[in-house]
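Engineer: Positions in the sequence shown are counted from 1; adding 31 to them yields the numbering used here. Take this structure, written in structure tokens, and hold onto it; I'll ask about it next.
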Amino acid sequence: SSLQTSGAPRGDNSSAMAVTDFLAASDIASAINACKAKDSFRPKIFFKAVGLSKKTPDEIERVFKILDQDKSGFIEQDELQLFLQNFSKGARPLTAAETKAFLLAGDSDGDGKIGWEDCAAAIKACEAADSFNYKVFFAKVGLSAKSEEEIKKAFFVIDQDKSGFIEEDELKLFLQNFVAGARALTAAETAAFLKAGDSDGDGAIGVDEFAALVKA
């Protein structure tokens with residue numbers, strides 16, 4: 032299991048760069064301090080705290096290339112464990128539980144790795160407001176081709192509050208599960224997405240409804 036960045040290096044000197052070249056030292060210090068306690072690390076909260084959520088997909092890709100220490104094109108589990116040390120040398124390693132959760136959060140389609148180029152292309156295709164089409168997006172990121180079990184794994188990543196449902200506020204931030212700097216869905220896109228998936232009319236999308244929507 033691993034997180035995948037795009038394959039071949041672009042020769043953009045990212046190996047000579049540090050994550051700190053992109054982010055404010057004060058934001059990094061604050062983010063590291065907030066997850067000093069074991070099992071307190073939450074990727075989404077950390078990305079937001081260090082300012083990574085505001086970066087462009089291209090900048091985020093450059094950060095991923097820095098995190099890929101062995102330049103294999105993947106961020107493996109051992110590299111994820113030392114994730115915080117890319118931001119602050121004295122930071123603690125992530126616990127086994129944190130590392131596993133981090134890997135699961137990045138593994139949106141349940142195949143044990145995330146293809147950066149697939150996600151970046153899918154995000155780019157719906158950059159314009161009201162251009163998001165869930166069927167096209169599911170196909171581009173490879174989710175439509177996955178088994179029901181793998182799709183359900185993706186559901187539990189998107190269900191941020193672990194309620195067992197994907198509510199309207201989680202749908203609005205749907206794209207950010209794939210790329211941290213992605214835009215929020217518009218009200219119209221969110222409403223259309225919800226209407227398509229909410230087959231029982233309860234105002235949220237359950238796990239079986241999500242699986243049916245992906246396979247529709």
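The beta carbon of each residue, even a glycine, is placed where N, CA and C say it ideally should be. Every value quoted in this text rests on a predicted model; they were computed, and no experiment measured them.
Terminal residues of the continuous beta strand (DSSP E) containing residue 105?
Structural biologist: Where residue 105 is concerned, the enclosing beta strand (DSSP E) stretches over 105–107.
Engineer: Going by other Cβ atoms of all chains shown within 10 Å of its Cβ, with 16 needed for buried, is residue 101 buried or exposed?
Structural biologist: Exposed.
Engineer: Taking all protein chains shown into account, do 16 or more other C-beta atoms lie within 10 angstroms of the C-beta of residue 64, making it buried, or fewer, making it exposed?
Structural biologist: The residue is exposed, with fewer than 16 neighbouring Cβ atoms inside 10 Å.
Engineer: Assign residue 49 to buried or exposed, taking buried as 16 or more other Cβ atoms, counted over all protein chains shown, within 10 Å of its Cβ.
Structural biologist: Counting Cβ neighbours within 10 Å, residue 49 comes out exposed, since fewer than 16 surround it.
Engineer: Does residue 237 come out as helix, strand or coil in the three-state DSSP assignment?
Structural biologist: Three-state result, residue 237: strand.
Engineer: Do residue 91 and residue 188 have their CB atoms nearer than 9 Å?
Structural biologist: Contact: no.
Engineer: Taking residue 56 as the reference, give the member of 82, 66, 76 and 196 with the closest Cα.
Structural biologist: Of 82, 66, 76 and 196, the residue nearest in Cα terms is 82.
Engineer: Would DSSP call residue 53 helix, strand or coil?
Structural biologist: Three-state result, residue 53: coil.
Engineer: Answer yes if the region 70–89 comes into contact with the region 207–221, meaning at least three C-beta pairs across the two stretches below 8 Å, and no otherwise.
Structural biologist: Flag = yes, the region 207–221 and the region 70–89 touch.
Engineer: Would you list the one or two residues that DSSP bridges to residue 72?
Structural biologist: Paired residue(s): none; residue 72 is not in a bridge.
Engineer: Counting only runs of 3+ residues fully inside the region 157–219, write out the beta strand (DSSP E) ranges in chain order.
Structural biologist: With a minimum length of 3 residues, no continuous beta strand (DSSP E) run stays inside the region 157–219.
Engineer: Below 9 Å between beta carbons: does that hold for residue 182 and residue 131?
Structural biologist: Against a cut-off of 9 Å, the Cβ pair of residue 131 and residue 182 comes out as no contact.
Engineer: Measure from the alpha carbon of residue 135 to the alpha carbon of each residue in 120, 107, 160 and 152, then state which is nearest.
Structural biologist: Nearest option by C-alpha distance: 107.
Engineer: Put residue 155 into one of helix, strand or coil per three-state DSSP.
Structural biologist: If DSSP states are grouped into helix, strand and coil, residue 155 belongs with the helices.
Engineer: Indicate, with yes or no, if the ligand MG has a heavy atom lying under 8 Å from the CB of residue 177.
Structural biologist: This structure lacks the ligand MG; in fact it carries no ligand of any kind.
Engineer: So, at 7 Å on beta carbons, what are the nonlocal neighbours of residue 78 in its own chain, with the 5 sequence-adjacent residues on each side left out?
Structural biologist: 84 and 211.
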